[in-house]
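What follows is a short report on a single structure.
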Amino acid sequence: MMSAKILVYIDQVKGKVLPASWEAIGAAHTLADKLGGEVAALVLGAEAKPVAEQAFQYGVAAACYCDDPTLTDYRPEPYADVLVKVARDLGVELLLFPTTTRGREQAAMSSVELGSGVIPDVTGLEVVDGKVVATRPVYAGRLISKAVCEATPQVITTRVRAFKAPEADPTKTGAPAQVPAVRAEADIHTKVTGYSLAEGGVSLTDANAIVSGGRGVSNNPALTPPAGMDEKATEIWRAQEGFKLIGDVAATLKAAVGASRAAVDAGYVPYAHQVGQTGKLVAPDLYIACGISGAIQHQAGMRSSKVIVAINKDAEAPIFRLARYGVVGDLFEILPPLAAALRQRLGK
Amino acid sequence: MKIVVCIKQVPDSAAKMVVEGGQISWGDAPLVLNPWDEFAIEAALQLIEANGGELTVVSVGGESAKESLKTALAMGCNQAILVADPALQGADSQASAHVLAAVIQKIGGLDAAFFGKQAIDGDMGVTAAQTARLLGWPMLGLAASLKAADGKLLVEKAFEEGRQSVECPTPAVVSVSKDIGEPRYPSFMGIRKASRATIPVWNLAELGIAAPVSVVRWPEVTNPPAREVKTEMITGGSAQEIAEKLADKILEEKVL
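See below:
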């Protein structure tokens with residue numbers, strides 16, 4: 000059996016890899032350079048073998064996979080069984096996961112079974128006196144904490160977009176090792192009965208750019224709503240018209256559409272779009288906030304964005320204090336020519 | 000059905016958190032029931048209302064956590080238990096999971112243990128899955144909708160790609176996402192009842208466990224680096240002019 004110091008869990012569904020998995024491999028390489036030892040990857044589920052082969056392009060020394068029928072659908076228990084067994088067999092000292100839904104869950108479950116602890120959602124990793132020291136935001140990023148796991152193996156999940164994925168090198172290849180399932184179907188209590196896929200569009204946490212709307216999106220005075228709507232229906236209709244403008248700028252930039260909690264609570268857009276303390280924490284390269292005043296809970300979710308643009312009618316809105324560029328004005332007047340100007344400059 | 004919901008008391012989400020002399024301070028901001036846990040309570044209450052049964056709310060914490068337990072009682076939980084022990088000072092998530100697993104076993108005969116997605120102080124989001132693994136119960140993570148039928152829980156779980164429908168026999172651990180719907184406000188009657196409630200306090204000896212070892216250390220907490228941002232206001236004679244200028248500025252940043 001091979002040995003490795005660091006094992007990286009690759010999060011994938013039917014051959015589609017969540018890109019944060021490769022970022023976790025990038026973080027693993029940086030640590031391995033300082034700690035010594037090799038980096039291995041583990042891939043579970045349907046289509047695990049081609050993904051494990053792909054992992055070699057990111058520079059892992061070894062990859063193992065299990066595509067047993069019991070793992071075709073993601074179920075936490077049989078996945079964690081295989082993960083724990085592989086971690087023990089390889090004698091790894093560090094387990095890394097991307098901070099995805101499955102990654103966080105698997106990190107939590109394997110940590111207690113391996114008699115260790117977990118440090119989720121870290122944004123920085125360093126080696127001090129041979130020990131891995133993690134940096135992670137707490138209180139939704141209002142404070143930054145260092146964290147050390149004193150037990151072995153250390154279990155850590157890396158925040159999406161906080162680490163750089165290595166360049167894929169197609170000349171790097173290798174033969175992944177197949178590992179068996181641990182738990183028989185009869186001993187698995189959960190049954191997956193169906194799926195409903197998320198609506199299309201760019202995922203918020205992976206997005207390079209995000210255009211977000213707030214409560215202000217429903218306030219276009221120039222619109223005349225269709226007759227016969229009650230007050231709430233009119234408000235929603237106005238908001239949807241406003242989000243069309245946001246969607247148009249987003250489409251031009253291949254950006255995701257975000258929203259403030261106020262916009263979600265008012266029923267303008269589904270919760271999946273919410274940015275903030277009780278929504279998604281995002282850090283895109285470009286964040287355009289439209290009609291968002293910038294409550295502290297919203298700021299917590301987006302303040303790590305690289306370039307922030309704020310468009311708001313209220314010159315005193317707190318969002319301007321975070322913004323690189325600010326426009327005090329009516330988003331309904333600014334967004335249509337902005338979309339056109341960007342389209343023109345981007346050659347679309 | 001017999002359900003327990005595990006909650007945490009945290010500083011209010013609007014509190015201004017700062018580090019003073021190496022200590023985290025939230026000034027005079029109130030301590031509240033963790034907002035994510037309100038969704039777990041709401042989901043559990045709906046399940047009890049549809050199927051009958053009782054809901055117990057549990058928190059590991061200090062004496063002050065009784066206030067958050069009372070909020071949960073006022074929302075409709077039937078009884079509350081506080082787990083407090085000096086040995087639990089600074090417990091990490093796995094230590095808390097060990098304690099909660101022991102509480103769940105001591106209560107006994109439960110159909111489910113509910114958790115919020117995460118607590119807004121540490122933003123860890125791991126205790127539910129850790130507790131599930133320690134109990135050997137199936138983990139139904141980030142439930143967006145749920146119901147019970149024929150001794151089974153039927154849950155829609157939220158993932159990056161969409162939702163997965165899962166069913167499993169009870170008992171199970173469930174963590175609840177915000178998709179479940181807005182949590183109810185405590186009723187006037189509920190608040191009156193909660194204010195009179197006596198909340199039993201269990202220590203580790205009563206749970207029959209030794210103090211679990213905490214393995215994660217937090218050597219240093221700091222204020223985040225100030226965001227060095229010079230805001231440039233874009234102005235112009237018309238919306239068209241402002242939009243053109245802004246588009247140029249965005250492209251100059253070379254982030255697209």
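Protein chains in written order, with numbering that gives the first Met the number 0: chain A, 0 to 347; chain B, 0 to 255. C-beta: ideal position from N, C-alpha, C; glycine also. Here the structure is a predicted model, which means the values were calculated and not measured.
inquiry  = Relative to the C-alpha of A/LEU43, which candidate in A/ALA31, A/LYS13, A/TYR57 and A/HIS28 has its C-alpha closest?
reply    = A/LYS13
request  = Output, in chain order, the set of chain B residues within a Cβ distance shorter than 8 Å of A/MET108.
outcome  = Within 8 Å Cβ-Cβ: ALA128, GLN129, ALA131, ARG132 and MET138.
query = Who are the near neighbours of A/GLU22 in its chain, counting only those whose CB is closer than 8 Å to its CB and skipping five residues on each side?
reply = PRO97, THR157, VAL159, ARG160, ALA161, PHE162, LYS163 and ALA164
key: Helix, strand or coil at B/ASN202 [DSSP, three-state]   = coil
key: Closer than 8 Å at the beta carbon, the chain B residues around A/PRO349   = Nothing about residue 349 of chain A can be reported from this structure: the residues present for chain A run from 0 to 347 only.
Distance between A/VAL147 and A/THR69 (C-alpha atoms, nearest Å) = Cα to Cα, A/THR69 sits roughly 35 Å from A/VAL147.
query = Since A/GLY116 meets chain B, which of its residues come closer than 8 Å, beta carbon to beta carbon?
reply = What A/GLY116 touches in chain B: ASP91, SER92, GLN93, SER213, VAL214 and VAL215.
ask   = Is the CB-CB distance between A/THR100 and B/GLU159 below 8 Å?
value = yes
request  = Excluding the 5 residues preceding and the 5 following A/TYR286 in the sequence, name in chain order all residues of the same chain whose CB lies nearer than 6 Å to its CB.
outcome  = ILE209, MET301, SER304 and ILE307
request  = Starting from the C-beta of A/GLY290, find all residues in its chain whose C-beta is less than 8 Å away, skip the five residues before and the five after it, and write them out in chain order.
outcome  = GLY212, GLY213, ARG214, GLY215, VAL216, ASN218, GLY241, ILE310, ASN311, LYS312 and LEU330
task = Could you name the residues of the stretch 184–199 of chain A whose beta carbon sits closer than 7 Å to any beta carbon of chain B, in the order they occur along the chain?
result = HIS188, THR189, LYS190, VAL191, THR192, GLY193, TYR194, SER195, LEU196 and ALA197
task = For the stretch 53–81 of chain A, enumerate the residues whose C-beta is nearer than 9 Å to any C-beta of chain B, in chain order.
result = ASP72, TYR73, ARG74, PRO75, GLU76 and ALA79
inquiry  = Considering only their Cβ atoms, is the gap separating A/ALA316 from A/GLY293 smaller than 8 Å?
reply    = yes
ask   = Within the 8 Å Cβ cut-off, does A/GLN276 reach chain B?
value = yes
task = Counting only the same chain and skipping the five closest in sequence on each side, list residues whose C-beta sits under 6 Å from that of A/GLU92.
result = LYS4, THR151 and PRO152
request  = Could you give the DSSP three-state label for A/SER259: helix, strand or coil?
outcome  = coil
query = Cα separation between A/ALA45 and A/TYR138?
reply = 37 Å
Contacts that A/CYS148 makes with chain B (C-beta to C-beta distance below 7 Å) = What A/CYS148 touches in chain B: VAL214 and VAL215.
ask   = Is the stretch 66–81 of chain B touching the stretch 30–39 of chain B in the sense that three or more CB pairs, one from each, lie closer than 8 Å?
value = yes
Cβ separation of B/GLU166 and B/LEU145, assumed to be a contact under 8 Å, to the nearest whole Å = No, B/GLU166 and B/LEU145 are not in contact; Cβ-Cβ is about 10 Å, not under 8 Å.
query = Do A/VAL326 and A/ILE333 come within 8 Å of each other at the CB atom, strictly closer than that value?
reply = yes
query = Would you report the Cα separation of A/PRO175 and A/VAL111, rounded to the nearest angstrom?
reply = 27 Å
message = Based on DSSP bridge pairs, tell me the residues matched to A/GLY325.
response = A/ALA309 and B/MET232
request  = Select from the stretch 215–248 of chain B all residues with a C-beta closer than 7 Å to any C-beta belonging to chain A, and list them in chain order.
outcome  = VAL215, ARG216, TRP217, PRO218, GLU219, VAL220, THR221, ASN222, PRO223, ARG226, VAL228, THR230, GLU231, MET232, ILE233, ALA238, GLN239, ILE241, ALA242, GLU243, LEU245, ALA246 and LYS248
request  = Could you name the residues of chain A that B/LYS146 contacts, counting a contact when the two beta carbons are closer than 9 Å?
outcome  = Here the premise fails: no neighbours, minimum Cβ distance about 13 Å.
ask   = By Cβ distance, which residues of its chain are closer than 6 Å to A/GLN296, with the 5 residues on each side in sequence left out?
value = Counting only Cβ-Cβ distances below 6 Å, and skipping sequence neighbours, we find GLY275 and GLN276.
Rounded straight-line distance, which links the Cα of B/MET232 to that of A/THR251 = 23 Å
ask   = When we look at the beta-carbon of A/MET228 and count the other beta-carbons within 10 Å, is it buried (16 or more) or exposed?
value = exposed
Burial state of B/THR55, where buried means 16 or more other Cβ atoms lie within 10 Å = B/THR55 comes out buried.
task = Report the three-state DSSP secondary structure of B/TYR184 (helix, strand or coil).
result = coil
request  = Starting from the Cα of B/LEU203, find the closest Cα among B/PRO185, B/TRP217, B/HIS97 and B/GLY124 and give me that residue.
outcome  = B/HIS97
message = Would A/ARG344 and B/LEU250 qualify as a contact pair, given that the criterion is a beta-carbon distance under 8 Å?
response = yes
message = Tell me the DSSP secondary structure of A/ARG141 in three-state form.
response = Coil, per DSSP.
ask   = The beta strand (DSSP E) with A/PHE242 in it runs from where to where?
value = Unbroken run through A/PHE242 is the alpha helix (DSSP H), 230–251; no beta strand (DSSP E).
inquiry  = If you measure between the beta carbons of B/GLN129 and B/TRP35, is that distance less than 8 Å?
reply    = no
task = Would you list, in chain order, the members of the stretch 147–172 of chain A that have their beta-carbon closer than 7 Å to a beta-carbon of chain B?
result = VAL147, CYS148, GLU149 and ALA150
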